[in-house]
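With the working numbering, the residue at position 127 of the sequence shown is 1308, and numbering never jumps. Ideal Cβ positions, reconstructed from N, Cα and C, are used throughout, including at glycine. Model, not experiment: these values are computed from the prediction. Written out below as structure tokens is the structure these notes cover.
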Amino acid sequence: MQWFLAAERRITRVALECSVAALAVIVVLTFYQVVTRFVFGHPSAWSEVAARSVMMWMVFMGLAAAFRQGVMIAVDFLIDVGPKPLRKVLLAVIAVASLCFLALLIWYGTGMAMRVQRQNLAGLEISIAWVYSALPVGAAFAVPGVIARFLLSFAEQDQSGPGEARDVEGQV
């Protein structure tokens, strides 16, 4: 299990770093758009579309860290107050529901990207498929984090008694 957790940490770190880099790109593109629009009076035709496209990548790459930290589904109250067997069932239900959601994102995101591959973004000569590819790629990066969160939470439930505080924060 240690090799899986080490690989998951690297995968999640890469996804989070990509998300942070995308945020920096969005800031630069938005600043450029504001300067060209309000200082020069001639707005850029491409920077707004590019910023929105990069924002999709930022959100979906950040999804990996969000799932790993367990901030996507908040049912902590039921896990904290429930008896140990119920906790394990809830952890399993949350993990399965999350994995099903990510599988749907991968499946339908891939389909969407394939359908729009011949269309270009307005003002850019880039296929819209590159933007829609953020859905399956981000979801695929999130899958190991969901599994790692479940494994660590499940193992911790074996060690903690009823009513004890849980702390399963992953190191990203």
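Using a Cβ-Cβ distance cut-off of 8 Å, the stretch 1319-1327 and the stretch 1229-1247 are in contact, since at least three pairs of beta carbons, one from each stretch, lie closer than that value.
In the DSSP assignment, Ser1308 forms a beta bridge with Asn1301.
Every unbroken stretch of the alpha helix (DSSP H) spanning 4 or more residues and falling wholly within the stretch 1185-1272 is given here in chain order: 1228-1250, 1257-1262. The Cβ neighbour count for Val1262, taken over all protein chains shown within 10 Å, is under 16; the residue is labelled exposed. Nearest in C-alpha terms to Ala1320, of all of Thr1291, Val1252, Val1235, is Thr1291. Inter-segment contact for the stretch 1218-1235 and the stretch 1189-1207 is present: three or more beta-carbon pairs are separated by less than 8 Å. Taken atom to atom, the span from the alpha-carbon of Ala1284 to that of Ala1278 is near 10 Å. Boundaries of the alpha helix (DSSP H) harbouring Ser1334: 1315-1340, taken from the DSSP string.
Put simply, the stretch 1212-1219 does not touch the stretch 1187-1196. Fewer than three CB pairs are less than 8 Å apart. In the structure shown, Met1295 adopts helical secondary structure according to DSSP, grouped into three states. Taking the CA atoms as reference points, Ser1314 sits about 24 Å from Gly1251.
Between the C-alpha atoms of Ser1225 and Arg1218 there is a straight-line separation of about 7 Å.
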